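In numbering that gives the first Met the number 0, the protein residues as written are 0 to 126. Scroll down for the structure; my scribbles are underneath it.
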Amino acid sequence: MQNVVAGLPVEQIDQIVDTLLESNVERRKVFIFGNGGSASTASHFACDLSKNTLVEGAPKFRVICLNDNIPLITAWANDTAYDNIFAAQLSVLVEPGDIIIAISCSGNSGNVLNAIKIAHKNNAFTI
């Protein structure tokens with residue numbers, strides 16, 4: 000376990016934490032999503048970020064897990080393509096400065112990559 004912890008990219012993790020905290024103060028939204036087990040992780044992360052970070056008098060995270068609206072996901076998949084399930088949701092919600100957290104084991108999933116393209120097009124920060 001010590002080897003795993005020693006190998007963590009601490010500077011990058013610190014930068015991500017700072018970015019999330021800054022986005023919260025600036026009232027930016029955080030979008031999280033993934034496929035399969037990563038979808039479960041995304042939902043859990045969104046729940047924890049929304050609930051477990053509450054501090055009296057401090058701004059609350061505005062976090063949305065794009066995996067949690069199954070009817071909307073299946074509508075986009077059915078009416079367009081599965082590769083659009085996250086990008087279509089982001090296209091109407093994302094604003095410049097928002098945070099996009101894409102969780103993927105392979106990094107090659109079309110629906111995740113399409114959402115990242117939408118994020119970049121809208122000047123959102125991607126993790």
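For each residue, glycine too, the CB sits at the ideal point set by N, CA and C. Values in this document were obtained by computation on a predicted structure and should not be read as measured data.
Counting along the chain, Cys46 sits inside the alpha helix (DSSP H) bounded by residues 36-50. In the same chain as Thr52, and ignoring 5 residues on each side of it, the C-beta atoms closer than 7 Å to its own belong to Phe60, in chain order. In this model, Thr125 and Ile117 are separated by some 10 Å (Cα to Cα). Here DSSP, grouped into helix, strand and coil, assigns Val24 to helix. Listed in chain order, the non-local C-beta contacts of Ser90 below 6 Å within the same chain comprise Ile117, local neighbours out to five positions each way being set aside. DSSP places Ala101 outside any alpha helix (DSSP H); the residue lies instead in the beta strand (DSSP E), whose first and last residues are 98-102. Taken atom to atom, the span from the alpha-carbon of Ser22 to that of Phe30 is near 12 Å. Around the Cβ of Gly35, a 10 Å sphere holds fewer than 16 other Cβ atoms; the residue is exposed. The secondary-structure analysis by DSSP pairs Ile63 across a beta bridge with Phe30.
For Leu112, the uninterrupted alpha helix (DSSP H) run begins and ends at 109-120, by DSSP.
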